[in-house]
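In the numbering used here, the protein residues as written are 98 to 410.
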Amino acid sequence: MLIQLLILAAGLALLYIGSTVLVEGAASTAIMFAIRPVIVGLTIVSLATSAPELLVSLVAAIKGSGGISIGNIIGSNVINITLVLGISALLKPVSVKKQVARIEIPYMILVSLVFWILCLDSDLGRTDGIILLLLLLVFLVYGILTAKDNNKGCPDTPSPVRSGKKILKNGIYIVLGIIMLGVGADFVVTEAIVIANKIGLSQTFIGISVVALGTSLPELATSAVAAARNESDISVGNVVGSNLFNICLVMGTVGMFNPMAINPELHSFQFPFMLFITVLLGSVAFLGRGVNKKTGTLFIALFFIYIVVSYFR
């Protein structure tokens, strides 16, 4: 058990270092090319931090561990909002831009609802996978069309300096950050599963809690660091984008290449809670323009409620 704990600690360290490097490279790139930081968070950073969910869910589905696969995604999306944004808000209140509150977050709510509807027949097939991947394509096209920062033309704002050396440095930072996050997440998830199995937890609960928490650590580390550095756009964009990638890319890919059955019991609590917490974020963002410390505390409390109820169901 001691060896597992040491590897787990090493994985956590890699996640923190990798997230720090990734945020620095991504934020610098956004400024350099006058790209809205939230788009960087919604795409580059989200794709990087969703890589563990993709690998874990796909491998779990192929090995016949559907409970871990689907539980990982539902749990990760709940954790991204409750724990990731909750902790980020406790470090520093997270502001949400008007466009994000009116477009990106509502789209995340729509995708979450569609995902649940597709799974109501307790099956995730190829047609379902295609629908989810098409929803991802729509999101990516929107991201490309709205990537430019409208403030770049402000006369009081100096033009960002671009150089081959700076671009190369940012690229190296982003690649190194992604690699560290991937290796760190692998360490954490692998050892967490071993420890959980030794304790005797069920496969579904392992997917919903332990694996989901492990694969959400990149989002947690990245968003917390971004929030602490006043990069709220990247923090919020990372959470929204990660949830979209988790559903559309991860479950879309699983549905396309390895259709699987969905545990009907998930429809009684886990799916409704995922949609509830997503709508709650949308309401907070639209009415309050951000997540303050009180809301962050509420989100964290809801995380513990989710884990406890999931355990006893």
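Each residue gets a CB set at the ideal place from its N, CA and C atoms; glycine is no exception.
If you're wondering where the values come from, they're calculated on a predicted model, not measured in any experiment.
Point to revise | Straight-line gap, leucine 180 to glycine 222 (C-alpha atoms, nearest Å) | key: 30 Å
Practice item. Give the straight-line distance between the Cα atoms of isoleucine 170 and alanine 309, rounded to the nearest whole angstrom. Key: 7 Å
Review point. Are the beta-carbon atoms belonging to serine 116 and valine 322 less than 8 Å from one another?
Key: yes
Check your understanding: Would you call the CB atoms of serine 332 and serine 185 closer than 8 Å?
Key -> yes
Review point. Roughly how many whole angstroms lie between the Cα atoms of valine 285 and threonine 392?
Key: 28 Å
Check your understanding: Which value, in whole angstroms, describes the spacing of the CA atoms of glycine 122 and valine 272?
Key -> 9 Å
Check your understanding: If we ignore side chains and look at the alpha-carbon of each, how far apart do asparagine 294 and threonine 375 end up?
Key -> 30 Å
Practice item. Please list the segments of the alpha helix (DSSP H) lying wholly inside the segment 254 to 286, counting only runs of 4 or more residues, in order along the chain. Key: none
**Study point:** Three-state secondary structure (DSSP) of proline 252
**Key:** Interpretation of proline 252 is limited by its pLDDT of 46, a score under 50 that renders its predicted location unreliable; the figure taken from the coordinates is listed afterwards. Three-state result, proline 252: coil.
**Study point:** Buried versus exposed, by CB contacts within 10 Å (16 or more), alanine 106
**Key:** exposed
Exercise for review: Using three-state DSSP, classify glycine 393 as helix, strand or coil.
Suggested key: helix
Check your understanding: Buried or exposed: which applies to valine 337, given that a residue is buried once 16 or more other Cβ atoms fall within 10 Å of its Cβ?
Key -> buried
Review point. Which runs of the beta strand (DSSP E), 3 residues or longer, sit entirely within the segment 205 to 234?
Key: none
Point to revise | Euclidean distance between Cα positions of isoleucine 178 and leucine 99 | key: 31 Å
Point to revise | DSSP bridge partner residues for glycine 387 (one or two, in chain order) | key: Ser192
Check your understanding: With burial defined as no fewer than 16 other Cβ atoms inside 10 Å of the residue's Cβ, what is the status of proline 315: buried or exposed?
Key -> buried
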